[in-house]
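A.B. asks:
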Amino acid sequence: MLRVPVGGRRLDILEWLRDPAAHFPPERHGSLVDGVDAAALATKLGVSHAVARTHLDLLVGVGLLRARRIGRRTFYHRDEYRIAEVRSLFEKGW
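Start counting the sequence shown at 769; every next residue gets the next number (my numbering).
#1: Could you pull the start and end residues of the beta strand (DSSP E) that R834 belongs to?
#2: DSSP puts V843 in a beta bridge; with which residues?
#3: Where M769 and H823 are concerned, what is the direct C-alpha to C-alpha distance, given to the nearest angstrom?
#4: So, R834 versus D847, is the Cβ gap smaller than 7 Å?
#5: Please check the pair D802 and R855, which I expect to be a contact at CB under 8 Å, by giving their CB distance rounded to whole angstroms.
#6: How many angstroms separate the CA atom of W776 from the CA atom of A820?
#7: Going by the CB atoms, is the gap between I851 and L832 shorter than 7 Å?
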C-alpha cells in the first residue's frame, strides 16, 4: 500500500466514483448504482483500457474500490467503509 497507491489519476477516479451520476453518462446495460465500468473510466481519463485497468486493479488491491462482474463487464465502486478506515489512520498520525 505504500507504493503511492493513490495519487493524480487515482485520486480523480476516487473522486469521480464518489458521485458517478455527476461525472458519467447513464449506462446502457446496467445502472450507475452497479458502479462504472473500465471503458467509461478509460474514456474519462483519456487513456487506454489497459492503463485504466492497471489503476483500477491497484485501487481494488488496496481495498479502496470494489469490483463487481456483471456479464462480461466489471463495474467499480468505492468501498466507503475502507476509505473511512484509511482516512482515520492518517488523521491519527499513522
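C-beta: ideal position from N, C-alpha, C; glycine also.
C.D. replies: Walking through what the data contain:
#1: Numbered from 1 along the sequence shown, position 66 holds the residue referred to as residue 834. For R834, the enclosing beta strand (DSSP E) stretches over residues 833-838.
#2: Position 75 of the sequence shown, counting from 1, holds the residue named residue 843. Per the sequence shown, residue 843 should be read as Phe rather than Val. Note: F843 sits in a beta bridge opposite D805, R836.
#3: Mapped onto the sequence shown, residue 769 falls at position 1. Mapped onto the sequence shown, residue 823 falls at position 55. Per-residue confidence for M769 stands at a pLDDT of 42, beneath the threshold of 50, marking its modelled position as unreliable; no derived number is given.
#4: Position 66 of the sequence shown holds residue 834. Position 79 of the sequence shown holds residue 847. Yes; because the gap between Cβ atoms is below 7 Å, this pair is in contact.
#5: On the sequence shown, residue 802 is found 34 positions in, with the first residue counted as 1. On the sequence shown, residue 855 is found 87 positions in, with the first residue counted as 1. The beta-carbon separation of D802 and R855, rounded to 25 Å, does not stay under the 8 Å limit for a contact.
#6: Residue mapping note: residue 776 aligns to position 8 of the sequence shown, counting from 1. Residue mapping note: residue 820 aligns to position 52 of the sequence shown, counting from 1. The amino acid occupying residue 776 in the given sequence is Gly; Trp does not appear at that position. If you take the alpha carbons of G776 and A820, they lie about 13 Å apart.
#7: Reading the sequence shown from its first residue, position 64 is the one you call residue 832. Reading the sequence shown from its first residue, position 83 is the one you call residue 851. In this structure, I851 lies closer than 7 Å to L832 by Cβ.
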